[in-house]
Amino acid sequence: MSKAAAVFEHLPTEIGRFRYQEDGEPIGAEAREFLGLDDYVSRSYLNEETGERVVLLLMLGRPGPLVRHPPNFCYESLGMTQIGDVQALSGLGEDSSSQFNLLRYQQPGLTQNRFFVAYSHTVNGSWSAPKLGRLKFGGEPFLYKLQLLVPCSISEEASRESLTEFLAAFIPAFKASLSK
Numbered sequence: 001m002s003k004a005a006a007v008f009e010h011l012p013t014e015i016g017r018f019r020y021q022e023d024g025e026p027i028g029a030e031a032r033e034f035l036g037l038d039d040y041v042s043r044s045y046l047n048e049e050t051g052e053r054v055v056l057l058l059m060l061g062r063p064g065p066l067v068r069h070p071p072n073f074c075y076e077s078l079g080m081t082q083i084g085d086v087q088a089l090s091g092l093g094e095d096s097s098s099q100f101n102l103l104r105y106q107q108p109g110l111t112q113n114r115f116f117v118a119y120s121h122t123v124n125g126s127w128s129a130p131k132l133g134r135l136k137f138g139g140e141p142f143l144y145k146l147q148l149l150v151p152c153s154i155s156e157e158a159s160r161e162s163l164t165e166f167l168a169a170f171i172p173a174f175k176a177s178l179s180k
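Here the sequence shown stands for residues 1 to 180, where the numbers follow UniProt numbering.
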């Protein structure tokens with residue numbers, strides 16, 4: 001697991017046009033145990049040209065708990081309302097094989113407070129968001145789970161474009177971190 005956890009040390013502070021802004025809130029011990037986490041990084045990145053922000057949560061742990069708890073469980077328990085169905089997100093930059101699930105949320109009572117959440121899983125840098133993740137990843141010794149949150153600060157279209165731009169730059173940066 002130590003080689004898998006070394007990825008966190010090599011994640012860049014600049015990903016495409018996005019720069020590291022600050023660390024995110026720590027995940028409590030009870031939640032880390034519930035999710036089967038061995039390590040994680042939580043931080044936000046800012047595109048200073050557009051003002052768009054991306055909040056990254058990259059987790060490493062046991063496949064069962066990580067796959068069993070998709071982001072919609074957390075956001076719904078916080079009272080957020082999912083808007084529409086889960087959408088597939090693929091064809092990200094030069095990486096045509098990686099796939100992510102994309103969700104859209106709204107905070108109740110605040111029509112202007114919407115955000116996107118994208119998530120996926122990998123063992124080797126090829127991101128996948130299968131419907132039956134436990135079948136695909138259940139036999140693996142570890143699993144990475146990436147979850148990105150992008151507030152719709154300018155417009156939903158601009159925020160979605162920022163999300164895909166960030167992912168297109170993140171995927172090769174993550175793969176490079178795996179090989180270090």
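The C-beta atom is built at its ideal place from N, Cα and C for all residues, glycine as well. These numbers come from a predicted model, not from an experiment.
| Asked | Found |
| --- | --- |
| If you drop the 5 nearest sequence neighbours on each side, which residues of the same chain put their C-beta closer than 8 Å to that of Glu140? | Pro63, Val123 |
| Just to check my reading of the structure: Gly51 and Ile154 have Cβ atoms closer than 8 Å, yes? What is that Cβ distance to the nearest angstrom? | 7 Å |
| Identify whether Leu11 lies in helix, strand or coil by the three-state DSSP scheme. | coil |
| Determine the closest residue to Gln147 out of Ala4, Glu30, Lys136, Leu103, with distance taken between C-alpha atoms. | Leu103 |
| For Gly139, report the span of its alpha helix (DSSP H) as first-last. | Neither: Gly139 is in no alpha helix (DSSP H) and is coded neither H nor E. |
| Inspect the beta-carbon positions of Pro151 and Tyr119 and report whether they are closer than 9 Å. | no |
| Using DSSP with H/G/I as helix, E/B as strand and the rest coil, what is Thr122? | strand |
| Specify the secondary structure class of Ala88 as computed by DSSP and reduced to three states. | strand |
| Do you know offhand how far Arg68's Cα is from Arg134's? | 7 Å |
| From the DSSP output, in three-state form, read off Asn72 for me. | helix |
| Assuming the contact rule is C-beta atoms closer than 8 Å, Ser127 and Ser96 should be a hit. Round their C-beta distance to whole Å, please. | What sits at residue 127 in the sequence shown is Trp, not Ser. Not quite, the Cβ-Cβ distance comes to about 12 Å (not below 8 Å), so this is no contact. |
| Could you give the DSSP three-state label for Leu66: helix, strand or coil? | helix |
| What's the C-alpha gap between Arg160 and Phe116? | 7 Å |
| Which residues mark the beginning and the end of the beta strand (DSSP E) in which Leu37 is found? | 37-47 |
| Compute the distance between the beta-carbons of Leu58 and Lys145, then report whether it is under 9 Å. | yes |
| When the Cβ atoms of the stretch 20-28 are set against those of the stretch 86-93, are three or more pairs found closer than 8 Å? | no |
| Report back the beta-carbon spacing between Tyr75 and Tyr105 to the nearest angstrom; my notes put them in contact at under 8 Å. | 6 Å |
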